[in-house]
Amino acid sequence: MGQQVSFKEIVIAGGPVLYGMVALSIYCIALIWERWKFFDKATGGYADFLSRVRALAAAGKLSDAAQLAKGHRGLASSVVTATLTGPTSRDERRRAAERAIGRCVADLERGISTLGTIASVAPFIGLLGTVIGVMRAFKDLASAAGAGPGIVAVGISEALVCTAAGLLVAIPAVAAFNHFNQKIASFEEELRWMVDEVLDTLAERSRH
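Per this note's numbering, the sequence shown starts with residue 74, numbered consecutively.
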């Protein structure tokens, strides 16, 4: 009858590398949750908000659009304010809007590169733990006189848990990294469209 190994024994056999992976997994989940809540607050309802700003600007109700921006709690409000207020020059307003967009994107990108790093590094850390475990398994085989191949099989199965842990950390990190970057790109693109449309509307109205 083969030697039975419990899940607890496999986790313990994973050693310091596996403990590090558990800590990294907890940090990754916490970072994803924090970014998710921040994105929900910072970009929530921005599409409807920008649509209303466009409509008000097209109707020439700039004060109403500026007042609407003051009441919006998301990041897009600063871009709208920079577009509608300040210098009357189109180029100066565009530069102010671009600076505001840059600040918004920087706030959204905070911590996202860390997710990308975790997604890239976690599988290699897991592989390192597996290599160390396999080396230990063969060392145990060499020191156990007369032992069968079962002792190597047990050691390798214990070592592979590190690779599995690395993948379990990397997969959600990759998914979150891609999701957040896509949301940032869409948000930035919508802001630039809004700025162009509003400035074009203002320029057209100033000519008449």
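Don't be surprised by glycine CBs; every beta carbon is placed ideally from N, CA and C.
Predicted model, so just to flag it, every value in this text is computed and none were measured.
Could you check what DSSP says for residue i in three-state terms: helix, strand or coil?
i: K143; result: helix
i: T190; result: helix
i: P160; result: coil
i: L272; result: helix
i: L148; result: coil
i: M74; result: Legend: pLDDT at M74 = 43, less than 50; position of this residue unreliable, no value from coordinates given.
i: L264; result: helix
i: E277; result: helix
Comparing C-alpha positions only, which one of the options sits nearest to residue i?
i: E270; options: R127, L188 and S162; result: R127
i: E277; options: M94, A130, I174 and H252; result: A130
i: R176; options: A120, G159, F260 and D273; result: F260
i: V234; options: G199, A249 and G93; result: G199
i: W109; options: T158, D137, T161 and P245; result: P245
i: G93; options: R183, Q140, V242 and D180; result: V242
i: M267; options: Y100, S124, K114 and A115; result: S124
i: I174; options: G118, D213 and S150; result: S150
i: D113; options: G133, A138, Q140 and L148; result: L148
i: R183; options: A238, E107 and S98; result: E107
By the DSSP assignment, the alpha helix (DSSP H) with residue i in it spans what residues?
i: G175; result: R163 to E182
i: A132; result: Segment: none, A132 is in no alpha helix (DSSP H) and carries neither H nor E.
i: G118; result: Where G118 is concerned, there is no enclosing alpha helix (DSSP H), given that its DSSP letter is neither H nor E.
Can the beta-carbon of residue i be found closer than 9 angstroms to that of residue j?
i: V247; j: I229; result: no
i: V95; j: I205; result: no
i: F197; j: V153; result: no
i: G189; j: G88; result: no
i: T156; j: R172; result: no
i: V178; j: I257; result: yes
i: A210; j: F250; result: no
i: A170; j: L264; result: yes
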